[in-house]
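The block underneath contains the structure these notes are about, expressed in structure tokens.
Protein chains: 2
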Amino acid sequence: MPAPVEFYFDFSSPYGYLASTRIDKLCENHGRAVGWHPILLGVVFKETGGAPLTTIPLKGDYSKRDFVRTAAFHGIKFTPPPVFPIPTQQAARAFYWVQQQNPGAAKALAKKLFEAYFAEARNISSAEAVADIAASLGHDKAAVLAAVNDPAIKDRLRQECEAALKKGVFGSPFIVVDGEPFWGSDRLDQVDKWLETGGW
Amino acid sequence: MPAPVEFYFDFSSPYGYLASTRIDKLCENHGRAVGWHPILLGVVFKETGGAPLTTIPLKGDYSKRDFVRTAAFHGIKFTPPPVFPIPTQQAARAFYWVQQQNPGAAKALAKKLFEAYFAEARNISSAEAVADIAASLGHDKAAVLAAVNDPAIKDRLRQECEAALKKGVFGSPFIVVDGEPFWGSDRLDQVDKWLETGGW
């Protein structure tokens, strides 16, 4: 069985959200599973000198317009988050905690977190907000609140960020197919063809 | 008759080159003309803090790979330039000089310059190289060499860069359709739909 396609993203990344709504189905069409890896872009930007898109002169205003337009182009529900960007370590930690128990449930939680932030204008930066969303999916709220402060879970997220950097991940979404890196939701057409043809 | 679609690019921009091979036909399909505007990304980057893609840690290596892969994905001939990026003011000045006499001929020159740099591994940074390419299209070489040092032509390029910045142009390619800005060759699918529908 081929290795899963690796999907790296930050929960605060609009293009990560857009890709998250399409990546599983796209890979499934080629008989491939997807491994989801939430990371912290802040950690990556320390290495690359990157900055949140919306803080860059000219590019910032364009980006806010492009988020909305690109979501609509693909028919994806999108509401500009009132607070942007936000810290996402609590969301990512909750993801990895759930994943230890049930990978499928972790993916469901990730989708719910993305939706809450990018379609329902909810701020998902606090442990409380993340735990509430997890609870709505049947997870124990107190256990989630404990998990995001668990040193082992914190360490897991650190390791994921380091591993991502080592693989060359510098943005979100970032997709690796059999060693071939693709950056951006606008590379999903190439990911699709790469999975079909094995490369060119 | 509707205003032309505005196409901004730097002759040293790989994604500008990729877009240049597709933009005219795409707009023509919707009965629209395209105004080509070579600019200098260096001037824009002073405003936005941008930097040539290939100089950025991690992103640089990825970009070099993505140039080649994306060109092949679209079936566009591409040879990685041995020297990259390069200064392009001579190319842009020659373009505006030819345009004053014959807009169609200026577009033909731009295509030839792009091809020389991105498909034939020729360095087009010097006035001599630009004049040789112009001469191969029937322009008078000595006149081109004089034109790129003409203060009026130099001023025209400066004005184009300033006007582009005022319109919010911060990268290459940058396409404006009836006031709506699109950045990147990977937005041509949205440009196509925007021209078809008038927006969404």
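Which chain is which? The protein sequence lines are W and Y, in order. For the first sequence, position 155 (counting from the first letter as 1) is numbered 147 according to our numbering, and the numbering increases by one without interruption. For the second sequence, position 199 (counting from the first letter as 1) is numbered 191 according to our numbering, and the numbering increases by one without interruption. We put the CB at the ideal spot given by N, CA and C, even for glycine.
| Asked | Found |
| --- | --- |
| W:V75: first and last residue of the uninterrupted alpha helix (DSSP H) it sits in | Note, W:V75: premise wrong, no alpha helix (DSSP H); not H, not E. |
| Near-chain W residues of the stretch 59 to 85 of chain Y (beta-carbon distance less than 8 Å), N- to C-terminal order | R61, T62, A64 and F65 |
| Where W:W175 sits in the DSSP three-state scheme | strand |
| Sequence-distant residues of its chain with Cβ nearer than 8 Å to Y:L129 (five each side left out) | A97, A100, L101 and K104 |
| Under 8 Å from the C-beta of Y:P49: neighbouring residues of chain W | E39, T40, G41 and F162 |
| Buried versus exposed, by CB contacts within 10 Å (16 or more), W:Q182 | buried |
| Under 9 Å between C-beta atoms of Y:T80 and Y:S4 | yes |
| Chain W within 9 Å of Y:K56, Cβ atoms only | no |
| Length-filtered (3 minimum) beta strand (DSSP E) runs lying within the stretch 16 to 57 of chain Y | 26 to 30 |
| Among W:A123, W:D58, W:D2 and W:Q151, nearest to W:A138 - alpha-carbon criterion | W:A123 |
| Other residues of its chain near Y:A119: CB distance less than 7 Å, five sequence neighbours each side excluded | Q82, L137 and V140 |
| Under 8 Å by beta carbon: chain W residues contacting Y:P173 | Y54 and R57 |
| Own chain, CB closer than 7 Å to Y:A144, minus 5 neighbours either side, in chain order | none |
| Rounded Cβ spacing between W:V169 and W:W192 (contact assumed at less than 8 Å) | Not quite, the Cβ-Cβ distance comes to about 12 Å (not below 8 Å), so this is no contact. |
| Rounded straight-line distance, which links the Cα of W:A11 to that of Y:A135 | 52 Å |
| Same chain, Cβ closer than 6 Å to W:C19, neighbours up to 5 away in sequence not counted | V(-3) and V26 |
| Y:A(-5) versus W:I167: straight-line alpha-carbon distance, rounded | 39 Å |
| Pair within 9 Å by beta-carbon distance, Y:D132 and W:R179 | no |
| Reference Y:T189, options Y:G176, Y:N21 and Y:P6, closest by Cα | Y:N21 |
| Sequence-distant residues of its chain with Cβ nearer than 6 Å to Y:A108 (five each side left out) | R114, I116 and I125 |
| For W:F166, the first and last residue of its enclosing beta strand (DSSP E) | F166 to V169 |
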